[in-house]
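Take a look at the structure below.
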Amino acid sequence: MTYQTLSQEVLDRSKPPKAGPPKDVTFPEYYDTTLPNGINLIVITNNKIPAVSVRLVFKESGSYHDGEKYGLASVTAELLTKGTVSRSAEEIAEQIDYIGGSISSDSDWDGTFLSLSVLKKHLPKGIEILSDVLQNPVFPEDEITRIKEQRISSVIQNKSNPDYLSDRMFSNVVFGNHPYAHPSEGTEQSIKSISRPDIINFYRKHYKSGKLILAFVGDITREEALGITEKYFSNLPSGDENENKLKIYLLDDTKPNSVYIVDKPGAVQANTKLGNIGVKRNNPDYIKIMVMNTLLGGYFGSRINYLLREEHGFTYGARSGFDSRIYPGEFSVNADVRTEVTDTSVSLIISELKRIREEKVSEDELSKVKNYLSGIFPLGLETANSVASRVIGLKLYNLPKDYYNKYISEIMSVTAEDVLETARKYIKPDNLAIVVSGEAKVLKNMLAKFGEVKVFNSDMKPLELN
Amino acid sequence: MLLKAAFILMFFLSKTTARFSVDIEFREFTLPNGLHVILHKDNTNPVVAVNIWYHVGAKDEEKGRTGVAHLFEHMMFQGSENVGKAQHIEYINNAGGTMNGTTNLDRTNYFQTVPSNQLELVLWLESDRMNTLKVTQENFDNQREVVKEEKRQRYDNMPYGNRWIEISKRLFINQPYEWMPIGSMEDLDNAKLEYAQEFYKKYYVPNNAVLVIAGDIDYEETRKLVEKYFGNIQRGADIKRSYGEIIYNQGEIVDTVYDNIKLSAVYIAYKIPGITDKTIPSLNLLSRILGGGKSSRLFNELVYRKKIAKSVSCFVFDNELGGMFVISATAMPDADIDEIENSITSIVEEIHTKLPSEHELNKAKNYVENAIVRNMETVLQKADNLAFYKTFFGDTSEINRVTEKYHLVTAKEISIVSSTYLNRNNRVVLFYKPK
Numbered sequence: 022m023t024y025q026t027l028s029q030e031v032l033d034r035s036k037p038p039k040a041g042p043p044k045d046v047t048f049p050e051y052y053d054t055t056l057p058n059g060i061n062l063i064v065i066t067n068n069k070i071p072a073v074s075v076r077l078v079f080k081e082s083g084s085y086h087d088g089e090k091y092g093l094a095s096v097t098a099e100l101l102t103k104g105t106v107s108r109s110a111e112e113i114a115e116q117i118d119y120i121g122g123s124i125s126s127d128s129d130w131d132g133t134f135l136s137l138s139v140l141k142k143h144l145p146k147g148i149e150i151l152s153d154v155l156q157n158p159v160f161p162e163d164e165i166t167r168i169k170e171q172r173i174s175s176v177i178q179n180k181s182n183p184d185y186l187s188d189r190m191f192s193n194v195v196f197g198n199h200p201y202a203h204p205s206e207g208t209e210q211s212i213k214s215i216s217r218p219d220i221i222n223f224y225r226k227h228y229k230s231g232k233l234i235l236a237f238v239g240d241i242t243r244e245e246a247l248g249i250t251e252k253y254f255s256n257l258p259s260g261d262e263n264e265n266k267l268k269i270y271l272l273d274d275t276k277p278n279s280v281y282i283v284d285k286p287g288a289v290q291a292n293t294k295l296g297n298i299g300v301k302r303n304n305p306d307y308i309k310i311m312v313m314n315t316l317l318g319g320y321f322g323s324r325i326n327y328l329l330r331e332e333h334g335f336t337y338g339a340r341s342g343f344d345s346r347i348y349p350g351e352f353s354v355n356a357d358v359r360t361e362v363t364d365t366s367v368s369l370i371i372s373e374l375k376r377i378r379e380e381k382v383s384e385d386e387l388s389k390v391k392n393y394l395s396g397i398f399p400l401g402l403e404t405a406n407s408v409a410s411r412v413i414g415l416k417l418y419n420l421p422k423d424y425y426n427k428y429i430s431e432i433m434s435v436t437a438e439d440v441l442e443t444a445r446k447y448i449k450p451d452n453l454a455i456v457v458s459g460e461a462k463v464l465k466n467m468l469a470k471f472g473e474v475k476v477f478n479s480d481m482k483p484l485e486l487n
Numbered sequence: 326m327l328l329k330a331a332f333i334l335m336f337f338l339s340k341t342t343a344r345f346s347v348d349i350e351f352r353e354f355t356l357p358n359g360l361h362v363i364l365h366k367d368n369t370n371p372v373v374a375v376n377i378w379y380h381v382g383a384k385d386e387e388k389g390r391t392g393v394a395h396l397f398e399h400m401m402f403q404g405s406e407n408v409g410k411a412q413h414i415e416y417i418n419n420a421g422g423t424m425n426g427t428t429n430l431d432r433t434n435y436f437q438t439v440p441s442n443q444l445e446l447v448l449w450l451e452s453d454r455m456n457t458l459k460v461t462q463e464n465f466d467n468q469r470e471v472v473k474e475e476k477r478q479r480y481d482n483m484p485y486g487n488r489w490i491e492i493s494k495r496l497f498i499n500q501p502y503e504w505m506p507i508g509s510m511e512d513l514d515n516a517k518l519e520y521a522q523e524f525y526k527k528y529y530v531p532n533n534a535v536l537v538i539a540g541d542i543d544y545e546e547t548r549k550l551v552e553k554y555f556g557n558i559q560r561g562a563d564i565k566r567s568y569g570e571i572i573y574n575q576g577e578i579v580d581t582v583y584d585n586i587k588l589s590a591v592y593i594a595y596k597i598p599g600i601t602d603k604t605i606p607s608l609n610l611l612s613r614i615l616g617g618g619k620s621s622r623l624f625n626e627l628v629y630r631k632k633i634a635k636s637v638s639c640f641v642f643d644n645e646l647g648g649m650f651v652i653s654a655t656a657m658p659d660a661d662i663d664e665i666e667n668s669i670t671s672i673v674e675e676i677h678t679k680l681p682s683e684h685e686l687n688k689a690k691n692y693v694e695n696a697i698v699r700n701m702e703t704v705l706q707k708a709d710n711l712a713f714y715k716t717f718f719g720d721t722s723e724i725n726r727v728t729e730k731y732h733l734v735t736a737k738e739i740s741i742v743s744s745t746y747l748n749r750n751n752r753v754v755l756f757y758k759p760k
């Protein structure tokens, strides 16, 4: 197909046009300082929209520190907005809703997170509420009861969700006695066991200035942020980030391939998750691992997705990923496939896990992945909050300050040998936990070829099939 | 004179309430073949979004051919004259971009965000598939299987996953919007390659599309590039659209679905007018007053005080010709779902006769203002909004009037829309109970 333009040039559609000269990508400048009371203050100014986010992270104060009371960190965080010395839960909800903003608080494995999101004109009121819920919570008994009932009903509801069932089973078998084995939102039993003194103790132990990353993001200057910090956040107790360090757990990642089925009668798909223990976020090989994983199953054009979706039509999508935390998280491949092709899908995935350890990737395939990962980097810097997430990540995972300045060149320097070596080191196709939630009576025999098969119910209790 | 007085008044208001209004600058033109093009320049980041909306969705499907609009969207990634199967995605990813497509009841959109030096590549790809899509039987069969898995994953195997399908087929019985874009398994199984070919010929024409390019661009250069790649694509036949009438107050429908779930739920859907109707801002504010946030009427009563619901939500699901105002609640484990439904209904009906307070109304307006600002942050969001107003309102500059419409809503109007549309005769009540 050709086309006469006004200048009589002929348009040749058969070849893609050449890209223009690339523009420089620089990570935005930001203000970063540690105050005398230990608060790590960060200011990321960007006045594209008249809005501000204030994000707080208490490092090493998350679910990893729950002890036996799984969900304690997360319940404590949720209760911050449920009553202070001067405001009831209803008043807090009413006042933050009135200014059209939001305050959220929760914990994950690595920390406890609070954030305020408001339009600039409502920042003074928003900050006042935020600092109140952070520093003066009272944890009323009736609100604790309410939150616990809500949580337990969420857990019950989740038991009909195939993703939830597979995730629970997978964490159980891969992490054993490690804190990561348990859901950070808690279990029915663990939530029941949480008392008001547990919550108050957790709050006193972890909500300290020395563990706090405080980031002001958006339409706000450094001077404004410093003023707010001094006025509203100078009364937090101090304490350093190392005082609650826990022992490092040893994990066994050498078990032979085994199959764990969570029975979900009536399921029309098999929710499949297979893998093992992965890596911690500040693993020095992280960028090589990211390149290797992206090629394997980390983007649409990856080997696993292309094979299962575009060649076979077995699934809407298949992905692999390393969930990297302060301590090593999981590596897994996930796909929802129709029940009758579950064994074929698992075989195909395992063969890809083996192939990436055996064959060197072609330069063409590797350069596509590198171009993709380096090219999408500036897309992730478009909003102040996406920049903030990266900066907070550097702090939370103890990564070097110039990490994102070197990011693109590090990606571009990954070689085919690096990919092979990294795959051999971190992908373990003979030590997989193969978890499937679905119709057990069909799956049990079908999956026996992959290893010993155990069947569980939605409470993760062993189940005998008739 | 009147104008000047208004100006002074607005200045005064802005001093006291600092009211925000959207001010998106854009340029637009229509090519001789009917393609409407909107450009928005924002050079703050070296990225550009290209978002093309085709004015076709599930409401344009025939009975027995449900799911075709969405299945066709998948075919748009399967190759064209100069681009192989799945290569569209590969080109975009290799250029450091991200992309996707979505199909709803009224429109299908395709969007990509790329580093701005890659703009021409995207125009080449988009124009090639508008011009010369290749729909082969092999790729069609493959994507049919992918879509069936999508349906299983997101609807059939998901707790409460079929709720929208179940609500629509009752609320819109024998009317437009009777089915959702995913379609039925039976129709997907029976879908023929010719359906896709006919669909392409009829709807994927420049005169049925709005192309938006937003981001790090130069207006003149971009206009030339658009003319270069889209200028010679042939105009399609005019599309004759005729849809059945949306029937209001067709009588209350109450029904129960038994699903693989642990907690019961109730969905109440009232039928409301189309996207451009003047009542839509009032209905959106009403949804905030009733069920938005943890200080709303429904949350306070059902979740907080009575502790019978685990969660409650309320929102407007708007479509071109007519939509639904939906209230949903999930029951606590031992709660009575009928009691929840009764409480919701009485809270809804209270507002028919008793005006909401100014405080409640302002709270809802403040929420909407925040939401609008946050929804215009990235170049892709801005592109999607621009395409939305052009496609449904026929006037792109509507984007800059939307906040004003919300500010002007009165408490009286809230009560009027509530009594007009949120009545029992005009709704479906659907219970979900464990099997």
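As you go down the protein sequences, you meet chains E and R in turn. If you want my numbering, it's the 1-based position in the first sequence plus 21. If you want my numbering, it's the 1-based position in the second sequence plus 325. The C-beta atom is built at its ideal place from N, Cα and C for all residues, glycine as well. These figures come from a predicted structure and were not determined experimentally.
Quick one: which chain R residues come within Cβ less than 9 Å of residue i?
{"i": "Arg-34 (chain E)", "result": "Glu-406, Asn-407, Trp-449, Ser-452, Asp-453, Asn-456, Thr-457 and Tyr-554"}
{"i": "Phe-223 (chain E)", "result": "In chain order: nothing, as chain R lies at least about 23 Å away."}
{"i": "Asn-392 (chain E)", "result": "Asn-418, Asn-419, Ala-420 and Gly-421"}
{"i": "Leu-374 (chain E)", "result": "Per Cβ cutoff of 9 Å: no residues; Leu-374 (chain E) is ~22 Å from chain R at best."}
Is residue i helix, strand or coil by DSSP?
{"i": "Lys-482 (chain E)", "result": "coil"}
{"i": "Tyr-185 (chain E)", "result": "helix"}
{"i": "Asn-532 (chain R)", "result": "helix"}
{"i": "Ser-744 (chain R)", "result": "helix"}
{"i": "Ile-468 (chain E)", "result": "According to the sequence shown, residue 468 (chain E) is Leu rather than Ile. It is coil, neither helix nor strand."}
{"i": "Ile-150 (chain E)", "result": "helix"}
{"i": "Lys-340 (chain R)", "result": "Residue placement at Lys-340 (chain R) cannot be trusted, given a pLDDT of 36 that sits under 50; what the coordinates show is reported in the next sentence. Looking at Lys-340 (chain R) - three-state DSSP - the assignment turns out to be helix."}
{"i": "Tyr-731 (chain R)", "result": "helix"}
How is the beta strand (DSSP E) around residue i delimited, first residue to last?
{"i": "Glu-473 (chain E)", "result": "473 to 477"}
{"i": "Asp-541 (chain R)", "result": "It is not in any beta strand (DSSP E) - Asp-541 (chain R) carries neither H nor E in the DSSP assignment."}
{"i": "Thr-433 (chain R)", "result": "433 to 440"}
{"i": "Ala-236 (chain E)", "result": "233 to 239"}
Mind checking which residues open and close the alpha helix (DSSP H) that includes residue i?
{"i": "Glu-99 (chain E)", "result": "93 to 100"}
{"i": "Lys-635 (chain R)", "result": "Run containing Lys-635 (chain R): none in the alpha helix (DSSP H); it sits in the beta strand (DSSP E), 634 to 642."}
{"i": "Lys-619 (chain R)", "result": "Note, Lys-619 (chain R): premise wrong, no alpha helix (DSSP H); not H, not E."}
{"i": "Trp-504 (chain R)", "result": "Careful: Trp-504 (chain R) lies outside any alpha helix (DSSP H) and carries neither H nor E."}
{"i": "Ser-383 (chain E)", "result": "That residue, Ser-383 (chain E), is in no alpha helix (DSSP H); it is neither H nor E in DSSP."}
{"i": "His-399 (chain R)", "result": "393 to 400"}
Please list the partners that residue i has in chain E, where partner means a Cβ-to-Cβ separation under 9 Å.
{"i": "Thr-655 (chain R)", "result": "Ser-174 and Gln-178"}
Which term fits residue i, buried or exposed, when burial requires 16 or more other beta carbons within 10 angstroms of its beta carbon?
{"i": "Gln-437 (chain R)", "result": "buried"}
{"i": "Asp-33 (chain E)", "result": "exposed"}
{"i": "His-684 (chain R)", "result": "exposed"}
{"i": "Asn-574 (chain R)", "result": "exposed"}
{"i": "Ala-469 (chain E)", "result": "exposed"}
{"i": "Val-195 (chain E)", "result": "buried"}
{"i": "Lys-760 (chain R)", "result": "exposed"}
{"i": "Phe-332 (chain R)", "result": "Its pLDDT being 37, under 50, Phe-332 (chain R) is placed unreliably in this model, and the value from its coordinates should be taken loosely. When all chains shown are included, Phe-332 (chain R) counts as exposed."}
{"i": "Glu-9 (chain E)", "result": "The shown model of chain E, from 22 to 487, leaves out residue 9 (chain E), and the question about it has no answer."}
List the residues of chain E that residue i touches, going by C-beta distances under 7 Å, in chain order.
{"i": "Thr-423 (chain R)", "result": "Ile-397 and Leu-400"}
Under 7 Å Cβ-Cβ, which residues of chain R neighbour residue i?
{"i": "Gln-171 (chain E)", "result": "Lys-635"}
Given the structure, does residue i come close to the ligand GTP, in the sense that its CB is under 7 Å from one of the ligand's heavy atoms?
{"i": "Ala-383 (chain R)", "result": "Looking at this structure, you won't find the ligand GTP or any other ligand, since it has none at all."}
> What residues in the stretch 511 to 530 of chain R bring their beta carbon closer than 7 Å to a beta carbon of chain E?
Replying inline: So the list is empty, because no residue satisfies the distance condition.
>> Beta carbons nearer than 7 Å to chain R: which residues of the stretch 400 to 427 of chain E have them?
In response: Listed in sequence order: Leu-400, Leu-402, Glu-403 and Thr-404.
>> Which residues of the stretch 278 to 290 of chain E have a Cβ closer than 7 Å to any Cβ of chain R? Give them in chain order.
In response: Answer in chain order: Gly-287, Ala-288, Val-289 and Gln-290.
> Relative to chain E, which residues along the stretch 699 to 711 of chain R have a C-beta separation below 8 Å, given in chain order?
Replying inline: Residues Arg-699, Met-701, Glu-702, Thr-703 and Val-704.
> Residues in the stretch 563 to 592 of chain R with C-beta within 9 Å of chain E's C-beta atoms, listed in sequence order?
Replying inline: Listed by position along the chain: Asp-584, Asn-585, Ile-586, Lys-587 and Leu-588.
> At a Cβ cut of 9 Å, what residues of the stretch 329 to 353 of chain E count as close to chain R, listed as they run along the chain?
Replying inline: Within the stretch 329 to 353 of chain E, the qualifying residues are Arg-330, Glu-331, Glu-332, His-333, Gly-334, Phe-335, Thr-336, Tyr-337 and Gly-338.
>> Under 7 Å, CB to CB, which of the residues in the stretch 473 to 491 of chain R have a partner in chain E?
In response: Listed by position along the chain: Glu-474, Glu-475, Arg-477, Gln-478, Asp-481, Asn-482 and Pro-484.
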